[in-house]
Amino acid sequence: SISFFYYLTKQHIYELAFSFLKTKCAELNLNLKLTTIVADFEESIHAGAKMIWPLIQVIGCRFHLTQSWWRKIQEIGLTDVYKNKNCESGIWLRKIFGLSFLSPKEVSDCFIEEFMAHCPNDPKMSIFCDYLTENYIDEFSRFPPNVWASFSISSERTTNSCESFHAKLNSLFTKSHPNIFLFIHVLNTRIQTDTYIILSSGVARIFFSGGGGG
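Heads up: the sequence shown runs through residues 1057 to 1270, numbered per the working numbering.
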């Protein structure tokens, strides 16, 4: 994959960015009518895309999903429990990550019947269950199952290509916050050559990742 557009933005202006992008494409007689994007779990990206393309399917990056759940496990003090292969709670926590490989319609029933019904009696486990329900399991949660659950194991359900690009781009700078002139210079002299090479072999799906580029 390659990066076509670079947004040096804060979190809450994705709608403006997507609108600007669509307008510029129209000026070039291009109809930018996206049907699917893969993004991380940043609500402003999801909302911005749906405002510009109301029928778009937003797919939550599976890697970022597991990162979010893992951070919550660490936050509530279940790290050692998770790593304990002989602990009932640890086994439960490791199995919960398999929910993302179910179809969206199966997630809620599986969570209730297979996980909640057998959840170890521990206040921290209850906190984690509440977190999952409120943010990912319930139909009206922030990120319901239709965003992140799928039988598919395709790498196209992740933004790994974006993350790989970000890592490479960051490695080309010697300081954390380069000025705009240095940024453009790196894009023109170091990134553009790679882009031309990849373009010659075709382009796949468009990915968006919060932060530097997409």
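Cβ atoms here follow ideal geometry from the backbone N, Cα and C, with glycine treated the same way.
I1183, DSSP secondary structure in three states: helix
Quick check on this structure: which residue in L1084, S1182, I1069 has the alpha carbon closest to the alpha carbon of L1134? S1182
Going by other Cβ atoms of all chains shown within 10 Å of its Cβ, with 16 needed for buried, is G1116 buried or exposed? buried
Per the DSSP calculation, V1114 is bridged to which residue(s)? I1093
If you draw a straight line from the C-alpha of L1121 to the C-alpha of L1090, how long is it? 23 Å
For A1073, which of helix, strand or coil comes out of DSSP? helix
Whose CA, out of V1137, F1074, M1172, lies closest to the CA of S1100? F1074
Rounded to whole angstroms, what's the CA-CA distance from V1094 to C1175? Just pull it up for me. 32 Å
Under the three-state reduction of DSSP, which class applies to K1128: helix, strand or coil? helix
Quick one: is Y1070 buried, meaning 16 or more other Cβ sit within 10 Å of its Cβ, or exposed? buried
For K1151 and E1131, what's the separation of their Cα atoms in angstroms? 19 Å
Coil, strand or helix - F1196 by DSSP: coil
What's the gap between the Cα of N1087 and the Cα of I1108? 13 Å
Excluding the 5 residues flanking W1148 on each side, which residues of the same chain have their C-beta closer than 8 Å to its C-beta? F1171, H1174, C1175, P1176, M1181
Tell me whether L1155 is buried or exposed, calling it buried when 16 or more other Cβ atoms sit within 10 Å of its Cβ. buried
Keeping to the same chain, check which residues put their C-beta closer than 7 Å to that of S1211; ignore five residues upstream and five downstream. Because the pLDDT at S1211 is just 49, under 50, the model does not fix this residue reliably, and the value given afterwards should be weighed accordingly. If we look at S1211 and ignore the five residues flanking it on each side, it has no Cβ neighbours.
Measure the beta-carbon distance from F1184 to K1128 and round it to whole angstroms, keeping in mind my assumption that it falls under 8 Å. Sure, about 6 Å apart at Cβ, within 8 Å.
With DSSP run on the structure shown, which of helix, strand or coil describes A1205? coil
Buried versus exposed, by CB contacts within 10 Å (16 or more), F1097: buried
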